[in-house]
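A.B. asks:
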Amino acid sequence: MKTVRLSLIGFGAVGQGVAQAILQKKEILKGQGIDLCVVGILDSKGSEINVKGIDLKSALERKKQKGTVAKGNDSAFEIIQDVEHEIVVEATPTNIKNGEPGLSNMSAAFNSGRHVVTSNKGPLALCFSQLKEAAEDNGVFFRYEATVGGAVPIFNLIHESLAGNRVIGIEGILNGTTNYILTRMAQERLPYELVLKEAQELGIAETDPTYDVEGIDSACKLVILANSVFGEAATYRDVEVTGITKITPEALELASKNNYVVKLICEAGNGTLIVAPRLVPKKHPLVVGGTLNVASILTDLAGRITISGKGAGSIETASSILSDILYIVRNS
Amino acid sequence: MIVSMTLELKDIPGQLVLALAPISELHGNIMSVIHQHEEKTPRGTIPVQVTFEIDQGVLDELIEKLEKSGVGVARVGEERLRSSISVVLIGHIIHSDIGDTIDRIDSTGFAEVVDLSLSMPAIEKTSSAYLVINAEGENELKNALEILREVAIKKDLLMIEPIRLNSEAA
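This is how it looks when you write it as C-alpha cells:
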C-alpha cells in the first residue's frame with residue numbers, strides 16, 4: 203500500500219468536494235494500492251491537523267454545522283512547512299489583484315519540497331512561469347487541471363493524450379455563468395438584466411457578477427491555457443477582453459435568424475489572446491448550452507479535437523483535482 | 018475578372034465537358050460548377066452555373082465558342098464582390114448616424130454593405146443591427162472590418178464578429 207499524505211489549504215466548495223471525493227473513492231483506491239491520507243485542513247477560520255489522518259466524514263460534518271473545521275489555529279504556512287506530507291491541495295479563493303494567499307501558499311509548498319495541486323486561478327494568471335520554475339527547481343509536480351474548465355480535462359488532453367502534437371490554436375467557452383446568461387437570453391428573448399437576476403437566484407452568478415460578465419474569469423483561464431500550452435509568459439493583462447453586458451435579446455434574435463448564436467469565446471493562437479462575444483454558426487461544435495464549458499483544440503497531427511463538460515461545481519472540480527493527485531501518486 | 022455564367026445544356030451525354038473545355042482553352046480558372054441534372058428548364062435543357070476567373074478580353078470569344086458548340090449562354094454576370102462576412106452591432110446605431118457607418122464601408126470602393134436588419138425595441142434603449150458586408154477578396158474584407166471596428170469604437174457600438182477559427186490560418 204502506497205500512503206500519500208495531503209493537506210487541503212482552503213475548505214470552501216472545492217476543498218469540501220475534494221474531501222468528499224476522497225471519502226467516496228477510498229475503497230476503490232485501496233484496491234489499486236493507494237491510500238490518500240489528509241493530515242491538515244485549513245479554512246478561513248482555523249485549522250485541523252492530524253498526522254495519522256483526519257476523519258474526513260466528521261470534518262465535513264463539523265464544517266456543515268459550525269461553518270468551520272477549526273480545532274486549532276495553525277496558519278497555512280505552519281501546515282505546509284511543518285506538517286510532514288507530500289501534496290498540498292491549494293483551493294483558496296481566486297484573487298486576481300495579487301494572487302494571495304494562494305501565491306504565497308504555493309511558493310511555500312515548493313520551497314518545502316511538496317507537490318502542488320490547485321484550482322486557484324489567481325496565482326497562475328499572474329505568475330505562471332515563476333511558479334512553474336519554482337516547481338522545477340524543487341523537483342516537484344505542479345498540477346492545475348481544475349483551474350480551467352472545471353471537470354473538463356483540457357490540460358491532460360493536450361499534454362498527455364495529444365503528446366507529440368503541436369497545438370496551433372484553441373477556441374472555447376470557459377465560463378459557465380456567461381454561457382448560461384447568453385443561452386437563456388436567446389431562448390427566452392429576455393433582457394440581460396433579468397437573466398442575470400435569475401442566474402443570481404439560482405446561484406449560477408455571484409452577487410457581484412463583474413468577474414464573470416466582464417470576461418475577466420475567461421481571460422484568466424485563457425492566460426493559464428496559453429502559458430501552459432504555448433509556453434508563453436503572458437499575464438491576464440495581455441488579453442483583449444470584451445464582456446457580455448451590452449448584448450441585447452434583439453441582437454441574439456437577429457443572429458439566430460441568420461443561423462448564428464452569440465457566445466463569449468476565448469481564442470488563443472497566432473500570438474493573440476482574445477475574449478469577446480462572437481457569432482458562432484448554430485451547428486458548430488462549440489455551440490453548447492446552459493452552464494457547459496467547451497474547448498476546441500487544433501493540432502498539426504490530430505486535427506481538431508473538441509471536448510465539453512461541466513465547467514464548475516464542487517464535486518466536478520474535485521474530479522480534476524483527484525485526477526491530478528493520482529497522476530502525482532503514480533508518477534512519483 | 019470573376020465571371021458567373023448560367024449555361025443551358027442539352028440532356029445528352031458529354032455536354033458538361035463540351036461546356037467547360039472552352040473556358041480552359043482560353044486559360045480561364047474555373048472556381049465552381051453547379052450542375053443540377055434534375056432541374057430542367059421549360060425548354061428541356063439543363064442549367065449549369067459556372068463561376069471562373071478569366072481575362073476580360075477573351076470573354077466575347079468564349080461566348081461565341083460556347084454557342085457554336087451548341088451550349089446556350091443564358092446569363093453572363095461579373096462577380097465583383099466574392100468575399101462576405103456578417104457582423105452584429107449593438108448601441109445607439111441610428112443616433113450615431115447609420116448612413117455614415119454604411120458610407121464608410123461603401124466609399125472604400127472595394128467593399129459594400131449588402132444587407133442590413135435593424136431592431137429597435139424602444140426609443141431610449143439601445144438598438145441592434147445585423148450587417149452583411151461583401152468585398153472583392155479576403156484582404157479587402159479584412160480592411161473593411163478594420164474600418165468598421167474603428168467606427169464602432171468611435172461611436173461606442175459593440176461589434177460582434179464571427180468566430181475566428183485558427184483552422185483558417187493553418
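As given, the protein sequences belong to chains A and B, one line each in that order.
Sequential numbering from 203 applies to the first sequence in the working numbering.
Sequential numbering from 18 applies to the second sequence in the working numbering.
Just so it is clear, CB atoms sit at the ideal spot from N, CA and C, and this is done for glycine as well.
Would the region 404-415 of chain A count as touching the region 471-478 of chain A if we require 3 or more Cβ pairs under 8 Å?
C.D. replies: No: fewer than three Cβ pairs fall under 8 Å.
A.B. asks: Quick check on this structure: which residue in B/I107, B/T68, B/Q53, B/I29 has the alpha carbon closest to the alpha carbon of B/L37?
C.D. replies: Selected option, being the one with the closest Cα: B/T68.
A.B. asks: Taking B/M48 as the reference, give the member of B/P30, B/I164, B/R99, B/A91 with the closest Cα.
C.D. replies: The residue with the shortest Cα to Cα distance from B/M48 is B/R99.
A.B. asks: Going by beta-carbon coordinates alone, are A/V253 and A/E286 separated by less than 8 Å?
C.D. replies: Yes, Cβ-Cβ distance for A/V253 and A/E286 is below 8 Å.
A.B. asks: Specify the secondary structure class of A/Y462 as computed by DSSP and reduced to three states.
C.D. replies: Looking at A/Y462 - three-state DSSP - the assignment turns out to be strand.
A.B. asks: Since B/R99 is in the alpha helix (DSSP H), which residue starts that stretch and which ends it?
C.D. replies: Unbroken run through B/R99: none, as it is neither H nor E.
A.B. asks: What are the boundary residues of the beta strand (DSSP E) that A/K266 is part of?
C.D. replies: Careful: A/K266 lies outside any beta strand (DSSP E), inside the alpha helix (DSSP H) at 258-268.
A.B. asks: Chain A partners of B/T143, CB-CB under 8 Å?
C.D. replies: Per Cβ cutoff of 8 Å: K448, T450.
A.B. asks: Measuring only the C-alpha atoms, how far is B/L79 from B/V65?
C.D. replies: Answer to the nearest angstrom: the Cα atoms are 16 Å apart.
A.B. asks: Taking Cβ to Cβ, would you say A/G351 is nearer than 8 Å to A/A520?
C.D. replies: No, these two residues do not count as a Cβ contact at 8 Å.
A.B. asks: A/R386 lies in the alpha helix (DSSP H); which residues open and close that run?
C.D. replies: Residues 378-390.
A.B. asks: Flag this pair as yes or no: are the beta carbons of A/L359 and A/Y346 separated by less than 8 Å?
C.D. replies: No; because the gap between Cβ atoms is not below 8 Å, this pair is not in contact.
A.B. asks: Would B/I19 pass as an interface residue toward chain A - the criterion being a Cβ-Cβ separation below 8 Å?
C.D. replies: B/I19 does not count as touching chain A.
A.B. asks: Nearest to A/G341 by CA position, among A/N300, A/I298, A/A311, is which residue?
C.D. replies: With distances taken between Cα atoms, A/G341 lies closest to A/A311.
A.B. asks: Helix, strand or coil for B/N160? Go by DSSP, reduced to three states.
C.D. replies: If DSSP states are grouped into helix, strand and coil, B/N160 belongs with the helices.
A.B. asks: Per DSSP, B/V67 forms a beta bridge with which residues?
C.D. replies: Per DSSP, B/M22, B/V50.
A.B. asks: In chain order, which beta strand (DSSP E) runs of at least 3 residues are fully inside the region 436-483 of chain A?
C.D. replies: Within the region 436-483 of chain A, the complete beta strand (DSSP E) runs of at least 3 residues are 462-471, 474-483.
A.B. asks: Got a sec? Which residues, its chain only, sit under 7 Å from B/P179 by beta carbon, not counting five neighbours each side?
C.D. replies: The answer, listed in chain order, is I102, S103.
A.B. asks: Would you kindly work out how many angstroms separate the C-alpha atoms of A/L328 and B/K172, rounded to a whole number?
C.D. replies: Straight-line Cα distance between these residues: approximately 33 Å.
A.B. asks: Could you check if A/P451 is buried or exposed, using at least 16 other CB atoms within 10 Å of its CB as the buried criterion?
C.D. replies: The residue in question, A/P451, is buried, as its Cβ has 16 or more Cβ neighbours within 10 Å.
A.B. asks: Quick check on the DSSP output: the beta strand (DSSP E) that includes B/M176 runs from which residue to which?
C.D. replies: Where B/M176 is concerned, the enclosing beta strand (DSSP E) stretches over 175-179.
A.B. asks: Measuring alpha carbon to alpha carbon, tell me which of B/V88, B/H109, B/L158, B/H54 ends up nearest B/A139.
C.D. replies: Of the listed residues, the one whose Cα sits closest to B/A139 is B/H109.
A.B. asks: Rank B/L33, B/Q73, B/L106, B/I170 by C-alpha distance to the C-alpha of B/M137 and give the top, closest one.
C.D. replies: It is B/L106 whose Cα lies nearest to the Cα of B/M137.
A.B. asks: Hey, could you find the ends of the alpha helix (DSSP H) B/K85 is sitting in?
C.D. replies: Note, B/K85: alpha helix (DSSP H), 76-85.
A.B. asks: Using beta-carbon positions only, say whether A/T380 and A/L466 come within less than 8 Å of one another.
C.D. replies: Against a cut-off of 8 Å, the Cβ pair of A/L466 and A/T380 comes out as a contact.
A.B. asks: My assumption, with CB atoms under 8 Å, is that A/D245 sits in contact with A/A272. Please give the rounded CB distance.
C.D. replies: About 7 Å; that satisfies the 8 Å criterion.
A.B. asks: Which of the three DSSP states, helix, strand or coil, is assigned to A/S516?
C.D. replies: In this structure, A/S516 counts as helix in the three-state DSSP scheme.
A.B. asks: Show which residues of chain B have a CB atom less than 9 Å away from the CB atom of A/V443.
C.D. replies: Under the 9 Å cutoff, chain B gives no residues; its nearest Cβ is about 13 Å from A/V443.
A.B. asks: Whole angstroms are fine: how far does the CA of A/G304 sit from the CA of A/D339?
C.D. replies: Going by the C-alpha atoms only, they are around 19 Å apart.
A.B. asks: Does the CB of B/V130 have a neighbour CB from chain A at under 8 Å?
C.D. replies: So, not an interface residue.
A.B. asks: Which first and last residues belong to the beta strand (DSSP E) in which A/S246 is found?
C.D. replies: Segment: none, A/S246 is in no beta strand (DSSP E) and carries neither H nor E.
A.B. asks: Can you give me the C-alpha to C-alpha distance between B/I19 and B/G154, rounded to a whole angstrom?
C.D. replies: Between B/I19 and B/G154, the C-alpha separation is close to 11 Å.
A.B. asks: Leaving out five residues on either side along the sequence, give the residues of the same chain with a beta carbon under 8 Å from the beta carbon of A/A353.
C.D. replies: Excluding residues within five positions, the ones whose Cβ falls inside 8 Å are G511, K512, G513, G515, E518, T519, S521, S522.
A.B. asks: Just verifying my parser: in three-state terms, what is the DSSP assignment at B/A187?
C.D. replies: Low local confidence applies: a pLDDT of 32 at B/A187 is under 50, so the model's placement there is unreliable, with the coordinate-based value given in what follows. Looking at B/A187 - three-state DSSP - the assignment turns out to be coil, as it is neither helix nor strand.
A.B. asks: DSSP three-state call for B/E167: helix, strand or coil?
C.D. replies: Reduced to three states, the DSSP call for B/E167 is helix.
A.B. asks: Rank A/P393, A/L392, A/I383 by C-alpha distance to the C-alpha of A/G405 and give the top, closest one.
C.D. replies: The shortest C-alpha separation from A/G405 is found at A/I383.
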